[in-house]
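Peer 1:
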Amino acid sequence: MIYIVTRHEGAVLWLRSKGYVGSILPHLEREQIAGGNTYIGVLPIPMVKAILDAGSRFLLLVLSDMAFSQRGASMTPAEMDLAGAHLVEVKGIELAPLKRAVVFGGTDGHGATMTVISERNLEKDGYEVTRVCEFKQLKMGSNLGKNDLPEDCGTRFPEYFWGFTFLNYDFSGLRAGDIVVVVDIPLPIRVNLDFSAADEAIEKIGELREKGIRVVLIDHHKRAITHYGKAIEKGAEVTFSLGAEQYCHYGAPDAYSRFWGTLGAICDRDPSMLPVEADEMEPFEERERYAAWIDLKKRDLPFLLETIRNDARESLTRPEATLRPPASEVEKNVTVVKRLTENSGYKELDAACACNDTPYGVGITHDCSAILVINYWKKLRPEEKNRIPALPVALRLAQHRDRFGHDTALTIKLGSPDCKEAEAQMDEIVKTLNSTRIKRDTLPENREDAIDYIASAFSDVPTPYFLTMHGWSHIETVLDSARILGMISGLTADEQTLLDWAALCHDLGNGAVAYRDTYGLLVADDDDGAEAREKHELYTVQILTEWNKRGVFRDIISGDDLRIISDLCYRHRKMSVLPKDPGASKLCSLLRVADALDKTRNRARYNDNGEPYSWVKEKLPAESIKHWEAQRAIDAIRLHIEKDRIVFEFLVTDEENSTFIIDDFEKELAPLGNTIPAWSIRITPVPE
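For the sequence shown, counting from 1, position 552 maps to 581 in the working numbering; every step adds exactly one.
1) Go ahead and label E382 buried or exposed: buried means 16 or more other beta carbons lie within 10 angstroms of its beta carbon, across all protein chains shown.
2) Using the beta-carbon count (16 or more within 10 Å), is C384 buried or exposed?
3) I'd like the span of the alpha helix (DSSP H) that includes W657, first residue to last.
4) How should Q428 be labelled, buried or exposed, when 16 other C-beta atoms within 10 angstroms of its C-beta is the threshold for buried?
5) Could you tell me which whole alpha helix (DSSP H) segments of length 4 or greater appear in the region 475 to 510?
6) Please work out which residues of its chain come closer than 8 Å, Cβ to Cβ, to E152, disregarding the five sequence neighbours upstream and downstream, and give them in chain order.
7) Do G138 and G293 come within 7 Å of each other at the CB atom, strictly closer than that value?
8) In angstroms, rounded to a whole number, what distance separates the CA positions of A699 and G264?
9) Taking S270 as part of the beta strand (DSSP E), name the residues at either end of that continuous run.
10) So, is G65 buried or exposed, given that buried needs 16 or more other C-beta atoms within 10 angstroms?
11) Please report the residue range of the alpha helix (DSSP H) in which N686 lies.
12) In the structure shown, what three-state DSSP assignment does A419 receive?
13) Contact between the region 333 to 346 and the region 666 to 674: three or more CB pairs below 8 Å?
14) What is the rounded straight-line gap between the Cα of A531 and the Cα of D610?
15) Taking the alpha-carbon positions, what's the S614 to D590 distance?
16) Assign K128 to one of three DSSP states: helix, strand, or coil.
17) Note down the Cα distance separating V71 from S46, rounded to an integer number of angstroms.
18) At what residues does the beta strand (DSSP E) containing S709 begin and finish?
19) Tell me whether A40 sits in a helix, a strand or coil according to DSSP, three-state version.
20) For F582, count neighbouring C-beta atoms within 10 Å of its own C-beta (all shown protein chains included) and say buried if the count is 16 or more, exposed if not.
21) I297 and E262 look like a contact to me (Cβ under 8 Å); what is the Cβ gap, rounded to whole Å?
22) Could you name the residues that DSSP lists as bridge partners for K442?
23) Going by CA-CA distance only, name the one from T492, D584, K240 that's closest to D478.
24) Rounded to whole angstroms, what is the Cα-Cα separation between E697 and L620?
25) Going by DSSP, what residue range makes up the beta strand (DSSP E) through D223?
26) R661 and E678: beta carbons closer than 7 Å?
27) For V715, count neighbouring C-beta atoms within 10 Å of its own C-beta (all shown protein chains included) and say buried if the count is 16 or more, exposed if not.
28) On a CA-only basis, which of L424, H565, G374 is nearest T440? Give me that one, please.
29) Determine the direct distance from the alpha carbon of Y568 to that of T574, and round the result to whole angstroms.
Okay, structure coming up:
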């Protein structure tokens, strides 16, 4: 049998005129077999090799690049003769080794979308990809050993994934230059196992890196950074997504990733996805319905993954049963669910809160082994009727705060399944969530109380209308970024504590007008907030001094540490001179960068009074408009961190408007010198 390959319309007649009667195949990969000739057609190379291995002959129709580019498939057989068309027999093929990738991904709606987006982008980069994204129902417990669970635990539970699935995965097919990508599965602290899954996984990462295999960890859980520093030391590359969670994936965004990534972020209850302007309401309602479909279909994960991979958007419009809210009661600000359905958890609690329009939800799992507590995500931003958003449950219930996951969702595990104990503890949680925040005449007793005290100050004090968000949500973001920067800068525990407190307090002075009489601050009677903003670093120091006199930080922050923290706050603006002490100078530089990292679109969609930008813009001065527009042009910032370098990637929708912020950010980085790894800035356009 003779096989001839061509996609040339005139070539078949030409071949027949030459007496060839073999099978004509329509496809061949261009320039994959030999030389620089142009081979007409596209055929998978493994198929060509199979033809040759079977003993058949294989011929290629060869035509000069010039002739083909001028006339292409419209050439007649006579013209092909003049152009020098001829056949070349292929005697053998050496297959070029393919780059291989293994991508592990989380199994919730957000994890599924980010996994498939990463898979497609890896394929664009020339990788042959193996996807591992599997939900497995496993027993929970404490002090579980390596013989208590299967070698493959799927990718749903981070501790089980890293302690079993990842450690036992067969990486023998990977070579130097191949890549392992883990998406939306944070390195865990020890909770259920009798060994540290993270520590052993990091050793495995080191083994892969010694073989020249890249390991990329992609995450947005900014509190789950306990082990990332060690992973980076072992050679892992870590990508953190700041701002919108729709970019928590491998590779650059495109129209496909924007669509599915947005739905994934809604599944994860990312407040940056919520509508603000009137023209955003209807599109959001449609996307929210699509996200609900994804949440339902994750129970059939293989089908969902293929739907996303094939970009089958028509599936999203099919009528499906929606998640029905469970029976619930309302106790003031809290929706209470006595029993949640198995495997529904947070989403069922969220649906109950939506029905009752409460900021908090509390529910007991079906087997009474845990209590789930959430913030209803639509109450996490200021509104015209609700200027003060509810504080995150991880702050209100600090004693139960996880060291991974989200501040707005807690799983409080009980010692043993006991429904009476669960109900009693739930009653206490409801009382705490319904209680007023710490009163000004009640001094904090511990670190958590002090943070609550600070959070209350930001929530209770009006911020000038012309500022982008400078309230508690901004403070939380700066704190998260400060912890990430501290991790990559090798800060000691004491240094990180100082930086954390400075991040929490640095913008207190924006509320100087409200504190003018209480603390005797020198602010003009007719100040609309402009003077307070201009001197807010000075007012911050005065407020901290007054708080210290009143014993707010007694037995929590020492006098010496408070002086350092106050000085860091005073100097956090780039117009100020850095401290002379090298250690303090390093902390101050990191604080400035952490502050500058929170300049994305989500922060400039409305102000702290819940007024959307379209309203505020009408009364903004030109300089303020410049700040707002620049931040609105930056959708998100991704940090790509390696042992010896860090890339700050700005994902922008308007490069011209974003330049102001990016140039300013580069100036903030300049004083850091060797404090952080060698850095660079990357600007990535985002399609609208």
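The beta carbon of each residue, even a glycine, is placed where N, CA and C say it ideally should be. Remember, predicted model here, so these are calculated numbers, not experimental data.
Peer 2: Reading from the atomic positions:
1) Against the sequence shown, residue 382 aligns to sequence position 353. Per the sequence presented here, residue 382 reads as Cys, with Glu not at that position. That one is buried.
2) Counting from one through the sequence shown, the residue named residue 384 turns up at place 355. Classification of C384: exposed, given that the 10 Å Cβ count is below 16.
3) Taking the sequence shown and counting its residues from 1, the one referred to as residue 657 is at position 628. Here the alpha helix (DSSP H) through W657 covers 651 to 661.
4) The sequence position of residue 428 within the sequence shown is 399, counting from 1. Its Cβ having fewer than 16 others within 10 Å, Q428 is exposed.
5) Here the runs fully enclosed are 476 to 489.
6) Along the sequence shown, read from residue 1 onward, the residue named residue 152 stands at position 123. If we look at E152 and ignore the five residues flanking it on each side, its Cβ neighbours are V158.
7) By one-based count along the sequence shown, residue 293 stands at place 264. By one-based count along the sequence shown, residue 138 stands at place 109. In contact: G293 and G138 (Cβ atoms closer than 7 Å).
8) Working through the sequence shown from its first residue, we reach residue 699 at position 670. Working through the sequence shown from its first residue, we reach residue 264 at position 235. Roughly 26 Å separates the two Cα atoms.
9) Counted from its first residue, the sequence shown places residue 270 at position 241. Where S270 is concerned, the enclosing beta strand (DSSP E) stretches over 266 to 272.
10) For the purposes of this step, residue 65 is taken as residue 36 along the sequence shown, with counting starting at 1. Confidence in G65 is poor, its pLDDT being 33 and thus under 50, which makes the residue's placement unreliable; the coordinate value appears in the next sentence. With fewer than 16 Cβ atoms within 10 Å of its Cβ, G65 is classed as exposed.
11) Translated into positions along the sequence shown, residue 686 becomes position 657. Its alpha helix (DSSP H) spans residues 684 to 698.
12) Taking the sequence shown and counting its residues from 1, the one referred to as residue 419 is at position 390. Residue state, collapsed to three classes: coil.
13) no
14) To locate residue 531, count along the sequence shown from 1; it is residue 502. To locate residue 610, count along the sequence shown from 1; it is residue 581. Cα to Cα, A531 sits roughly 16 Å from D610.
15) Numbered from 1 along the sequence shown, position 585 holds the residue referred to as residue 614. Numbered from 1 along the sequence shown, position 561 holds the residue referred to as residue 590. Using only the alpha carbons, I get a separation of about 15 Å.
16) Taking the sequence shown and counting its residues from 1, one reaches residue 128 at position 99. Reduced to three states, the DSSP call for K128 is strand.
17) For this step, residue 71 is matched to residue 42 along the sequence shown. For this step, residue 46 is matched to residue 17 along the sequence shown. Here the model assigns V71 a pLDDT of 40, short of 50, so the residue's position is not dependable and the matter cannot be decided.
18) The count along the sequence shown starts at 1 and reaches residue 709 at position 680. From DSSP, the beta strand (DSSP E) with S709 extends over 707 to 714.
19) In the sequence shown, the residue the question calls residue 40 occupies position 11. Reduced to three states, the DSSP call for A40 is helix.
20) What you label residue 582 is simply residue 553 of the sequence shown in a count that begins at 1. So F582 ends up on the buried side.
21) Within the sequence shown, the letter at position 268 stands for residue 297. Within the sequence shown, the letter at position 233 stands for residue 262. The residue asked about is misnamed: residue 297 is Asp in this sequence, not Ile. That pair is no contact at about 29 Å.
22) Taking the sequence shown and counting its residues from 1, one reaches residue 442 at position 413. In DSSP, K442 forms a bridge with A399.
23) On the sequence shown, position 449 is the one that residue 478 refers to. With distances taken between Cα atoms, D478 lies closest to D584.
24) Locating residue 697 in the sequence shown gives position 668, counting from the first residue. Locating residue 620 in the sequence shown gives position 591, counting from the first residue. If I take the Cα positions, the gap works out to 10 Å.
25) Position 194 of the sequence shown, counting from 1, holds the residue named residue 223. Premise fails: D223 is in no beta strand (DSSP E) and is neither H nor E.
26) Taking the sequence shown and counting its residues from 1, the one referred to as residue 661 is at position 632. Taking the sequence shown and counting its residues from 1, the one referred to as residue 678 is at position 649. No.
27) Position 686 of the sequence shown, counting from 1, holds the residue named residue 715. Label assigned to V715: buried.
28) Here residue 440 is taken as the residue at index 411 of the sequence shown, counted from 1. Closest by alpha carbon: G374.
29) Residue mapping note: residue 574 aligns to position 545 of the sequence shown, counting from 1. Residue mapping note: residue 568 aligns to position 539 of the sequence shown, counting from 1. Spanning the two alpha carbons is a distance of roughly 10 Å.
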